[in-house]
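Residue numbers (the numbering used here): 522 to 816. Okay, structure first, notes after.
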């Protein structure tokens, strides 16, 4: 993988384009979300994810050195890491949350049932003989097989900007670990408008709203960024952090396994973005950083 050297001017242009356009789109998406127009929200969000890529293009940052042609011989373990580690960490974090707060587990699947009913899908599933547990099983299998590869082409829009351009610049300026921490915080802040105004990730009535969510999410993106950058360094191809990002976005079932009356606890878990549920990810990220420091 070639070293990508950014000038200060390129960095400023990249950051300006990436944040300005994304935040405008997030504000527009928030308006549609608050009006109940989920279709427009769903259309705008993938477009928003390509603003870091656009920032790279506008700043004229070279794409050539980002590893567009995968050379994965002897590196299959990192492919599996990218594909399955998000699910493993999500499961460990979700189980940890429910061990601490067992009363919050929605054994009757009321939350998920309500979402499927609102989407008009519940009757279709029942007509096909599918139960909610069967639906969860099928969704989980898709989340560790097909879905990450499908999501990869959307998350690529972010990864070209974050891992391909931002992280190399920050690691060169600040050192590897501090660069990753600052890069992860920037990545998290990039989501703030949609979180604050549309309740993205945690909702609007979680414990500590609306201040705690953006802070906790930055901690999460710092940890995820370390894992994604680790995969990028080991494989030297931008497709692998994109795959891992896609896998992370795919495995979200734990967010639907909490009783409706405990939805304000989303800041704690059981989804991997919660304070408690991200503990397994924090441990793995810390191990990666410590190993890099020793090397």
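Using N, Cα and C, we set each Cβ at its ideal position, and we do this for glycine too.
Per-residue DSSP class, three states only, for residue i
i           : result
residue 779 : strand
residue 622 : coil
residue 808 : helix
residue 726 : coil
residue 753 : helix
residue 598 : helix
residue 711 : coil
residue 801 : helix
residue 562 : helix
residue 689 : helix
residue 734 : helix
residue 577 : helix
residue 583 : coil
residue 535 : helix
residue 669 : helix
residue 592 : coil
residue 694 : helix
residue 530 : helix
7 angstroms CB neighbourhood of residue i in its chain, flanking five on each side removed
i           : result
residue 636 : 777
residue 787 : 723, 724, 727, 795
residue 531 : 580, 581, 582
residue 593 : 600, 756
residue 738 : 709, 712, 716, 722, 794
residue 634 : 643, 653
residue 806 : 744, 747, 748
Cβ-Cβ distance between residue i and residue j below 8 angstroms
i           : j           : result
residue 600 : residue 761 : yes
residue 769 : residue 744 : no
residue 798 : residue 614 : yes
residue 681 : residue 570 : no
residue 759 : residue 684 : yes
residue 678 : residue 688 : no
residue 654 : residue 764 : no
residue 666 : residue 709 : no
residue 578 : residue 690 : no
residue 755 : residue 625 : no
residue 818 : residue 793 : The question about residue 818 has no answer, for the chain in this structure spans 522 to 816.
residue 566 : residue 550 : yes
residue 561 : residue 553 : yes
residue 735 : residue 619 : no
residue 525 : residue 640 : no
Sequence-distant residues of its chain with Cβ nearer than 8 angstroms to residue i (five each side left out)
i           : result
residue 811 : none
residue 568 : 546
residue 632 : 777, 778, 779, 780, 781, 784
Anticipated Cβ contact below 8 angstroms, residue i with residue j, distance rounded
i           : j           : result
residue 673 : residue 586 : Contact flag wrong, Cβ pair sits at about 20 angstroms.
residue 617 : residue 800 : 6 angstroms
residue 555 : residue 719 : 6 angstroms
residue 608 : residue 772 : 4 angstroms
residue 692 : residue 701 : 7 angstroms
Sequence-distant residues of its chain with Cβ nearer than 6 angstroms to residue i (five each side left out)
i           : result
residue 752 : 599, 603, 761, 762, 765
residue 698 : 810
residue 606 : none
residue 731 : 717
residue 630 : 653
residue 802 : 610, 744
Is there contact between the stretch 712-720 and the stretch 542-561, where contact requires at least three CB pairs shorter than 8 angstroms?
-> yes
Evaluate contact between the stretch 636-651 and the stretch 533-540, counting only Cβ atoms and requiring at least three cross-stretch pairs below 8 angstroms.
-> no
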